[in-house]
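Protein chains in written order, with our numbering: chain H, 1 to 262; chain G, 1 to 262.
All C-beta atoms, glycine included, are put in the ideal place defined by N, C-alpha and C.
Worksheet: one structure, shown below.
Pasting the structure below:
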């Protein structure tokens with residue numbers, strides 16, 4: 001009797017034509033039956049947006065040799081939801097998202113469309129991984145990233161993940177020979193300090209355009225930022241329970257509420 | 001010498017004309033100097049989207065008597081970023097977002113524009129609270145929600161919040177007299193089970209429209225879902241460090257990597 005083949009859902013946020021998606025498909029080719037559902041246009045910075053008030057289109061495409069693939073008019077999270085409801089006949093064994101053109105380390109997990117697809121899959125009970133390469137270039141070299149995407153996907157297929165946990169994987173912009181290995185990390189404390197450009201349009205009306213500087217307030221050697229700066233692939237186990245459990249006793253002990261509101 | 005007045009940033013995701021925003025402004029009126037920056041159109045389900053590839057407009061409006069207010073063409077997170085960079089001369093002491101027309105309890109924190117504004121403020125170091133009423137109606141009765149929004153805002157202004165922690169507050173659809181009080185809770189484990197409607201457009205082309213059923217797989221009496229079903233206002237302390245810390249040793253102990261990749 002043959003072993004059941006794994007089902008792998010592939011998506012991204014840079015859209016169906018992005019080279020990073022092709023690199024990810026090649027990384028997982030051979031690990032199972034692949035189905036691709038990716039946005040029909042770039043969706044970077046979409047966070048965990050879902051489409052409620054508008055219809056969605058889903059169109060079969062013939063982009064990837066021998067692979068069942070669709071483009072979707074929605075966000076990365078929409079792609080996962082639609083795939084699960086309408087295309088997957090059985091639950092997927094793995095969802096991989098990416099490979100993103102650009103970093104999703106530390107606080108970027110919050111803004112990332114790539115990670116939102118993986119988070120959505122994980123909420124739905126599918127083991128999930130988001131992959132991002134620290135290179136925004138459309139023609140970036142994805143060979144090292146693809147190599148590590150394969151290794152990490154194999155580990156997750158074989159050993160699973162703890163319940164309600166997914167992975168945020170970032171790959172430094174280095175050749176395979178220069179990458180030192182894989183480090184399992186925590187998300188570094190960091191933030192974007194925004195500095196909007198104030199400009200005038202051709203009619204003389206003001207508008208603003210986002211610029212920003214990335215500030216890492218965290219020197220910990222157990223962080224993703226440290227790993228990436230030191231030549232490692234960072235793997236941050238990520239959860240969607242956002243409860244700050246340690247703050248529950250703080251509030252209960254400090255707030256002064258009367259008997260009625262307590 | 002007079003005490004320095006608190007600065008309170010007010011935003012939402014239902015847009016500048018939503019009655020819930022007006023109710024929130026009235027709740028915090030008198031607690032400090034108020035500045036309102038809200039989206040110029042509804043942004044529900046936007047998650048933590050930010051606008052990178054497009055310009056933003058910011059227009060002063062005269063909607064709220066005696067209050068400095070602006071409408072912004074971006075998402076809730078954009079409103080907070082723009083306010084911080086271009087409008088606030090000093091750091092705000094509090095950011096309140098809402099009152100949302102509809103629940104943002106449990107997993108909805110991930111999809112919520114209301115909460116994304118509060119998360120963005122918290123990342124920027126501003127104590128922040130998202131408020132949501134369990135009533136989608138445009139003409140919902142916000143009087144109980146407004147009452148509790150005032151009490152909770154006062155507590156946060158007076159006693160602060162632990163670092164990198166914000167609050168997700170949901171108010172049941174009950175009159176003030178029937179609400180039993182405030183419960184500090186954890187986020188319940190829950191998910192939306194999607195069921196897309198497949199339809200045909202006037203040209204005979206297929207499209208899909210999201211429907212869903214909310215599934216709570218968590219019977220804990222320490223959850224927000226329990227609190228809301230039992231007549232309490234739920235307060236979930238929320239964090240944006242999404243690291244699943246407990247999963248780090250799991251991965252380190254279970255994965256089999258060779259010497260080079262470890």
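- When C-alpha distances from residue 226 of chain H are compared across H:72, H:38, H:55 and H:185, the shortest belongs to H:185.
- Out of H:5, H:24 and H:26, the CA that lies nearest to the CA of residue 32 of chain H is found in H:5.
- For residue 99 of chain H, there are no C-beta contacts with chain G under 7 Å, since the nearest C-beta of that chain is about 17 Å from it.
- For residue 104 of chain G, no Cβ of chain H is located within less than 7 Å of the residue's own Cβ.
- Within its own chain, the residues whose Cβ lies closer than 6 Å to the Cβ of residue 136 of chain H, once the five positions on either side in sequence are excluded, are 101 and 102, listed in chain order.
- Counting every other CB atom within 10 Å of its CB across the protein chains shown gives residue 245 of chain G a total below 16, marking it as exposed.
- Taking the Cα of residue 98 of chain H as reference, the smallest distance to any Cα among H:173, H:36, H:260 and H:162 is reached at H:36.
- Every alpha helix (DSSP H) of 4 residues or more that sits fully in the stretch 62 to 120 of chain G is shown, in chain order, as 76 to 82 and 108 to 111.
- Among the CB atoms of chain H, one or more fall inside 7 Å of the CB of residue 49 of chain G.
- In the DSSP assignment, residue 149 of chain G falls within the unbroken alpha helix (DSSP H) covering 143 to 159.
- Spanning the alpha carbons of residue 172 of chain G and residue 231 of chain G requires a straight line of approximately 6 Å.
- Look at residue 209 of chain G here: in three-state DSSP terms it is strand.
- In this structure, residue 81 of chain H lies near residue 194 of chain G, with their beta-carbon atoms less than 7 Å apart.
- If you draw a straight line from the Cα of residue 49 of chain G to the Cα of residue 10 of chain H, it is about 22 Å long.
- A straight-line Cα-Cα distance of about 16 Å links residue 131 of chain H and residue 176 of chain H.
- Here residue 149 of chain H is near residue 24 of chain H, since their CB atoms are less than 7 Å apart.
- For residue 229 of chain H, the enclosing alpha helix (DSSP H) starts and ends at 224 to 229.
- According to the DSSP assignment, residue 137 of chain G belongs to no beta strand (DSSP E), since it is labelled neither H nor E.
- Within the stretch 242 to 254 of chain H, contact with chain G at the beta-carbon level (separation under 8 Å) is assigned to 242, 243, 244, 245, 246, 247, 248, 250, 251, 252 and 254.
- Scanning G:47, G:29 and G:56 for the CA closest to the CA of residue 68 of chain G turns up G:29.
- In the structure shown, residue 26 of chain H adopts helical secondary structure according to DSSP, grouped into three states.
- Residue contact with chain G for residue 85 of chain H: present (Cβ-Cβ distance below 7 Å to some residue of chain G).
- Here residue 78 of chain G is near residue 56 of chain G, since their CB atoms are less than 7 Å apart.
- In the three-state scheme derived from DSSP, where H, G and I count as helix and E and B as strand, residue 122 of chain G is classed as helix.
- The beta carbon of residue 121 of chain G sits closer than 6 Å to those of 80, 95 and 128, all from its chain and outside the five residues before and after it, given in chain order.
- From the beta-carbon of residue 226 of chain G, no residue of chain H is found nearer than 9 Å; the closest lies around 14 Å away.
- Annotation: the continuous beta strand (DSSP E) that includes residue 232 of chain H extends over 232 to 239.
- Exclusion of the five residues before and after residue 196 of chain G leaves 208, 209, 210 and 211 as the residues of its chain whose Cβ lies within less than 8 Å of its Cβ.
- Interface residue (Cβ-Cβ distance to chain H less than 7 Å): residue 138 of chain G is not classified as such.
- Of all residues in the stretch 202 to 234 of chain G, those with a C-beta nearer than 7 Å to a C-beta of chain H are 207, 208, 209 and 210, reading in chain order.
- Annotation for residue 140 of chain H: 19, 20, 101, 133 and 173 place their beta carbon closer than 8 Å to its own, counting only its chain and skipping 5 residues before and after.
- Looking at the DSSP output, residue 168 of chain H shares a beta bridge with H:130 and H:236.
- Residue state for residue 39 of chain H is assigned as strand, using DSSP reduced to three classes.
- CA-CA distance, residue 117 of chain H to residue 108 of chain G, rounds to 15 Å.
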